[in-house]
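To start, the structure itself, in structure tokens.
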Amino acid sequence: MPKRFFKILFVLALVGMICYAALLFAVRKETFPTFSINFYRNFNENSTLPTESAQQMVEQQEADTNTGEEAGQEQETRGEEAPLFATNDHESGLCPEFPPGLVGPLLVEFNKPRSWNEVTDTTSYSLSLGGRFKPPDCIARQKVAIIIPFRNREEHLKHWLYYMHPILKRQQLDYGVYVINQQGEDIFNRAKLLNVGYVEALKDYDYDCFVFSDVDLIPTDDNNLYKCFDNPRHLSVAMDKFGYRLPYKTYFGGVSSLSKEQFIKINGFPNTYWGWGGEDDDIYKRVVYNGMSVSRPDLVMGKYKMIKHERDLHNEPNPVNPDKISQTLWTMGKDGLNTLEYTVTEIKKTMLYTMITVDVHGPLN
Ligand SMILES: [Mn+2]
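Just so you know, the sequence shown maps onto residues 72 to 436 in our numbering.
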């Protein structure tokens with residue numbers, strides 16, 4: 072009896088040790104699904120949104136099959152402007168689908184301020200009043216309004232114009248640059264300024280595509296085309312600020328493009344996000360709720376440099392905004408293009424841009 076007892080004990084101990092060793096090995100090799108923990112951590116590091124709503128959105132994004140960073144792009148660029156082996160560019164006069172003058176990776180630096188003379192001398196060639204351009208030897212495939220929300224960022228604007236005009240020219244776009252300047256010192260409203268830009272640009276010209284860009288973001292590869300695709304596009308996917316990757320999967324901030332049709336479909340952007348944060352996530356949800364997906368360049372083509380800066384005065388994170396995002400499904404129909412009201416107080420055109428100063432009827436008024 073005692074002999075048999077020790078035998079059983081010995082076997083049990085042996086089995087236990089083997090299991091323990093196997094467990095250690097597995098953990099070391101990370102064969103256990105630790106990725107979910109990493110993912111959560113990444114999210115928290117980079118986002119100021121509450122994790123709850125963010126988590127929901129991530130799940131929603133993952134359910135959406137057509138939004139992968141790489142996959143989406145491939146499909147977009149191929150699917151859109153019809154024939155892959157277009158031979159009729161010559162006859163139609165259309166610019167080639169892939170602009171031949173692109174150079175790829177670019178050197179972008181913000182370490183020294185630029186003077187207006189420097190920017191004008193180097194970029195105003197072949198521009199017309201209002202920061203307008205058309206390719207001289209072919210018909211552009213899209214008419215693109217670039218909309219920049221703005222207040223007190225002249226140094227950034229100079230960098231933006233200095234780098235972007237040459238890029239946009241090489242991309243053979245029929246484009247115009249609209250700087251939408253919020254008047255007064257009331258709390259900032261990025262998304263409402265973008266709505267204003269859309270409406271005001273259309274009064275100027277028959278644009279069919281709108282690129283919405285922050286003033287402090289410059290792409291470092293000119294293959295990242297500032298045009299519209301079959302689905303709304305998020306262009307700034309790999310910002311230096313976020314370690315050259317998306318801060319979270321459903322991120323839609325920085326630079327994006329929507330065709331006129333797509334913009335109307337989502338009732339434009341929300342007008343009610345005052346202060347910093349949330350409006351880009353609201354826009355993302357509008358896109359998804361309206362049956363569209365997000366198109367993106369890959370992480371190589373989608374690299375961006377951001378000009379380092381302090382947070383602006385009167386653009387503090389608004390604690391109300393994160394709660395609003397969970398309401399988008401119900402609010403998007405009654406907050407957007409159809410409820411936009413503002414007053415234009417000045418329109419100024421230079422060779423480099425059109426600046427529209429606007430009273431956005433802030434909460435202080
Ligand atoms: Mn910024």
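The C-beta atom is built at its ideal place from N, Cα and C for all residues, glycine as well. Please read these numbers as outputs of a predicted model, since none were measured by experiment.
Residue range of the unbroken alpha helix (DSSP H) whose run includes residue i
i: Val248; result: That residue, Val248, is in no alpha helix (DSSP H); its beta strand (DSSP E) goes 245-253.
i: Phe334; result: 331-336
i: Pro393; result: 392-396
i: Leu288; result: First-last for Leu288: 288-290, but that is the beta strand (DSSP E), not the alpha helix (DSSP H).
i: Glu225; result: 225-241
i: Lys274; result: 261-275
Residue i - DSSP class collapsed to helix/strand/coil
i: Asp301; result: coil
i: Trp345; result: coil
i: Ala216; result: strand
i: Asp192; result: helix
i: Arg203; result: strand
i: Phe340; result: coil
i: Phe221; result: strand
i: Gly139; result: The pLDDT assigned to Gly139 is 39, lower than 50, so where the model puts this residue is not dependable, and the model offers no usable value.
Beta-carbon proximity list for residue i, same chain, < 6 Å, skipping 5 on both sides
i: Asp351; result: Phe323, Gly324
i: His236; result: Thr194
i: Asn260; result: Trp345, Val431
i: Asn418; result: It is Ile, not Asn, that sits at residue 418 in the sequence shown. For Ile418, where only same-chain residues beyond five positions count, the Cβ hits under 6 Å are Ile427.
i: Glu271; result: Ile427
i: Val248; result: Gly202, Ile217, Tyr424
i: Leu288; result: Ser307, Gly325, Val326, Tyr375, Met377
i: Ile219; result: Val250, Ser284, Val286
i: Glu226; result: Pro184
i: Ile396; result: Ser124, Gly349, Asp352, Asp353
i: Glu147; result: The predicted position of Glu147 is uncertain, since its pLDDT is 42 and thus under 50; a value taken from the coordinates is nonetheless stated next. Excluding residues within five positions, the ones whose Cβ falls inside 6 Å are Phe300, Asp301, Ser366.
Extent of the continuous beta strand (DSSP E) run through residue i
i: Tyr375; result: 374-377
i: Ile418; result: 414-420
Residues bridged to residue i [DSSP beta-bridge criterion]
i: Ala309; result: Lys374
i: Cys280; result: Val215, Ser330
i: Leu165; result: Ile210
i: Asp430; result: Thr414
i: Thr399; result: Beta-bridge pairing links Thr399 to no other residue.
i: Thr321; result: According to DSSP, which records beta bridges pairwise, Thr321 is partnered with nothing at all.
i: Pro388; result: Trp347
i: Ser366; result: Arg304
i: Pro176; result: Asp292
Neighbourhood of residue i by C-beta distance below 8 Å, restricted to the same chain and skipping five residues each side
i: Phe66; result: The question about residue 66 has no answer here: the residues shown for the chain are numbered 72 through 436.
i: Ser186; result: Lys229
i: Leu354; result: Reading off the sequence, residue 354 comes out as Ile, not Leu. The answer, listed in chain order, is Ala262, Phe323, Ser327, Ile337, Phe340, Pro341.
i: Met88; result: none
i: Leu198; result: Phe204, His236, Met422, Leu423
i: Gly175; result: Asp292, Asp293, Asn294
Residues near residue i by beta carbon distance below 7 Å, same chain, minus five either side
i: Asn295; result: Leu306, Pro368, Met372, Gly373
i: Gly172; result: Arg241
i: Pro16; result: Because residue 16 is not part of the residues shown, which for the chain are 72 to 436, the question remains open.
i: Lys312; result: Met377
i: Lys214; result: Asp245, Tyr276, Asp277, Tyr278, Asp279, Cys280
i: Leu232; result: Val190, Thr194, Leu423, Tyr424
i: Leu370; result: Glu140, Val308, Ala309, Tyr315, Arg316
i: Gly404; result: Asn338
i: Asn409; result: Asn338
Contact with chain C by residue i, beta-carbon distance below 8 Å
i: Gly349; result: Annotation note: the requested chain C is absent from the structure, which comprises a single protein chain.
Q. With distances taken from each beta carbon to the nearest heavy atom of ligand 1, which residues come in below 7 Å, in chain order?
A. Asp285, Asp287, Met377, His380
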